[in-house]
Amino acid sequence: EKGIPCDNLLIICWSHFQLSRMLHLASSSTTRPALSSAEIHMPIPHAHVARRPNVASGPLHSSTLQAAQRLVMLRRLPPVHAAKPTIAAATVSVEASSSQVMQEDVENVVIIGSGPAGYTAAIYAARANLKPVVFEGFRNGRGGQLMTTTEVENFPGFPEGITGPDLMDRMRKQAERWGSELHTEDVESVDLSVRPFRIRSSDRDLRAHSIIIATGASARRLGLPSELTFWSRGISACAICDGASPLFKGGEVAVVGGGDSATEEAIYLTKYAKHVHLLVRGERLRASKAMQDRTLANPRITVHFNTGVEDAFGGEVLQGLRLMDTKTGEKRNLAVQGLFYGIGHTPNSSLVAGQVELDEAGYVKVSHGAATSVPGVFAAGDLHDTEWRQAITAAGSGCMAALAAERYLTANGLVREFKHAEEAEGAAAGEGNGNGSSASHDSSSGSAASAGVDTPDTFDINADKHKGQYALRKLYHESDRLICVLYTAPTCGPCRTLKPIFNSVLDEFQGRVHYVEIDIEQDPEIAEAAGVMGTPTVHMFKDKARLEVLSGVKMKKDYRGLISKHVGESAAAVAAEQRVGVTA
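Residue numbers (the UniProt record's numbering): 1 to 584.
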């Protein structure tokens, strides 16, 4: 305006009128002798700048802030640059583009991860009519670490205590009741450099105005030289998944660690093992006082302080550990049939590494409770909690993240409101599991064969789904179909994840496949004869021959492909089904 020459011009304006005036001045020949680039910052929600190729525009910010606050925000946010444009001319469209953006398929909020943080965030976001999309995770299982936790005795509202999987089932149903859209899928990538943010999962691509990251943390491993050799053959990171295995029943097992996780696993394993050795590298336990007292008072638990594990040894299965005294260096062997890890966790932050600020250990840095270094992106739970790591604090941080996301969306005029569907009551009763499956396959229903264990009076060889050892023995000797056996345990969290997935695949093969569910606690002799060392495990039989063994939770396409192969379908049909299964 004063005719001062400049190489680069930053235009900050608070209205369309000011933008038009500034562009006119910047484009005039008398004030532009050396202007080579310009950047426009227009802090009005979704204001639309219709420009010619030589005009660049910067990020759009909320008009609800005071001018001084806007300037501070502009300094903190990365600018959007054009490649050295020269301003020639520009026209400004006064109509706001918020309605245009809202008409596009952009979610209000996407929640990545489940567990107490993710599900609580989903409950609060859904109650705010935001209809959150929740990616629960697949490879690590939905529900987070609580799905591998035995008794939760300090979560308010459960005076008698509750198992971790049961607590997560309740939270999941509550999130579903209020309208959350749940997908048991892994998010493979996010792009936080664009607006709206882009999220790509194993089955779908989405855009969202805000993201809540609640991916939690994963159990650490020791990295022993023979760890992979004996993994799932004596070494495990999940006592409630594998503790009931016949491999450990009546034998001696070891647990590594000195915190709450390790002491909890040691106490739980006394239900099955004759004796439990708790191996602690330091001179004392780090668990809560209540857990310490309970552990030290248990006659079936021996605590070995100043003890490290150097390696494992055995044959087909684990037979013992090589230990070292961390003070004296003395080495010795300990004969055990099982080794369970309870040595802490590593944050699952690789998805956003390089996009949001992390600390040295890989935890996401937050301010004001939940906000990350990227506006519109929030973190909850163990992903940023380096100190407390409790179920109740994770739930609280999920609540904060949802409220912060709602405030962010409202302040920026981005909210697309959804009214609660009347079907919420059905979801609360368990009608549906968020994966498009019916209530008959809901993870909390106990099993697909919910009518109970087959007996000589109830067994029907023509039925597709069965439960218990009587049915398995009859089918093994008399059926000419492929028999799919799922070995589960009552407290196994991953089993609850797998049941609806596996059942939905089996529904595609009605009349061609028999399904049998075996509870390894109710039928331990069957599990022992089958060599089952952990749950969930799937065996496939045909003509009295075992064809396949699958441990853990696999993708739908993996189960579908193997079943298709063994029921005699053509390769082309299998490939076609797997293509259809992209949405599975």
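Heads up, the beta-carbon is just placed ideally off N, CA and C, and yes, glycines get one too.
Member of the options whose CA lies at the smallest distance from the CA of residue i
i	options	result
TYR476	ILE235, HIS514, GLY118 and GLU227	HIS514
ILE192	THR372, TRP231 and LYS365	In the sequence as presented, Ile is not what sits at residue 192; that position holds Leu. For the residues THR372, TRP231 and LYS365, the minimum Cα distance to LEU192 belongs to THR372.
GLY143	GLN510, MET168 and TRP178	MET168
ASP359	GLY369, ASN333, GLY376 and THR386	THR386
ASP480	GLY259, ASN154 and ASN462	ASN462
GLU185	GLU136, ARG198 and GLY362	GLU136
GLN522	PHE509, GLU417, ASN503 and THR491	THR491
VAL133	PRO156, MET147, TYR124 and SER180	SER180
GLY223	THR410, THR215 and ALA237	ALA237
ASN154	ASP260, HIS183 and ASP558	ASP260
VAL255	VAL276, GLU107 and SER245	VAL276
ASN412	GLY468, GLY376 and THR393	GLY376
ARG281	PRO299, ALA262, THR295 and ILE267	ALA262
LYS474	LEU486, ASP460 and TYR487	ASP460
VAL538	ASN298, TYR470, ILE483 and GLN510	ILE483
TYR301	GLU330, THR270 and ARG284	The question names Tyr, but residue 301 in the sequence shown is Ile. Measuring from the Cα of ILE301, the nearest candidate turns out to be THR270.
GLU508	ALA489, ARG560, VAL187 and LYS554	ARG560
ALA471	LEU498, ASP519, ALA125 and GLN390	ASP519
ALA121	THR163, VAL152, PHE158 and ALA214	ALA214
residue 588	LEU486, PRO165 and ALA391	Residue coverage of the chain in this structure runs from 1 to 584, which leaves residue 588 outside it and unanswerable.
Under the three-state DSSP convention, the category residue i falls into
i	result
HIS304	strand
VAL276	strand
ASN503	helix
GLY561	helix
ILE267	helix
CYS492	coil
THR229	helix
SER218	strand
HIS466	strand
ILE212	strand
ARG473	helix
LYS544	coil
GLU252	strand
ILE518	strand
LEU296	helix
ASP205	strand
THR410	helix
ARG177	helix
PHE197	strand
LEU498	helix
GLU417	coil
ASP260	helix
ALA244	coil
ALA287	coil
ILE483	strand
PHE509	helix
ALA312	strand
Burial state of residue i (16 or more Cβ within 10 Å)
i	result
LEU545	The sequence shown places Ala at residue 545, not Leu. ALA545 should be labelled exposed.
GLU517	buried
LYS556	buried
VAL194	exposed
SER93	For SER93, the predicted structure reports a pLDDT of 32, less than 50, and the residue's modelled location is therefore unreliable. A value from the coordinates is still provided. Under this definition SER93 is an exposed residue.
VAL549	exposed
LYS542	buried
ALA429	A caution first: ALA429 carries a pLDDT of 45, below 50, which makes its placement in the model unreliable, though a value can still be read off. By the neighbour-count rule (16 or more Cβ atoms within 10 Å), ALA429 is not buried but exposed.
THR455	exposed
TRP388	exposed
GLU265	buried
GLY257	buried
GLU478	exposed
LYS274	exposed
GLN337	buried
GLY115	buried
LYS419	exposed
LYS499	buried
LYS467	buried
Cβ-heavy atom distance, residue i to the ligand PLP, below 8 Å
i	result
THR491	Among the components of this structure there are no ligands whatsoever, and the ligand PLP is therefore not found.
Chain D contact for residue i (CB, 9 Å cutoff)
i	result
ILE267	Considering every chain present, this structure includes no chain D. It has just one protein chain.
Inset, instruction - May I ask you to verify whether the region 342 to 355 touches the region 219 to 229, counting CB pairs closer than 8 Å and requiring at least 3? - result: yes
Inset, instruction - For the region 365 to 384 and the region 103 to 120, state whether three or more C-beta atom pairs, one from each stretch, are separated by less than 8 Å. - result: yes
Inset, instruction - Please determine if the region 316 to 326 and the region 236 to 243 are in contact, where contact requires at least 3 C-beta pairs separated by less than 8 Å. - result: no
Legend entry - Whole beta strand (DSSP E) elements within the region 103 to 166, 3-residue minimum: 107 to 112 and 133 to 135
Inset, instruction - Entirely within the region 316 to 402 and at least 4 residues each: give me those alpha helix (DSSP H) ranges in chain order. - result: none
Legend entry - Three or more C-beta pairs below 8 Å linking the region 200 to 218 and the region 281 to 290: no
Inset, instruction - Spell out a yes or no on whether the region 364 to 371 and the region 303 to 319 are touching, meaning 3 or more CB-CB pairs, one atom from each, closer than 8 Å. - result: no
Inset, instruction - Decide yes or no for the touch test of the region 124 to 133 against the region 145 to 153: beta carbon pairs closer than 8 Å, at least 3 of them. - result: no
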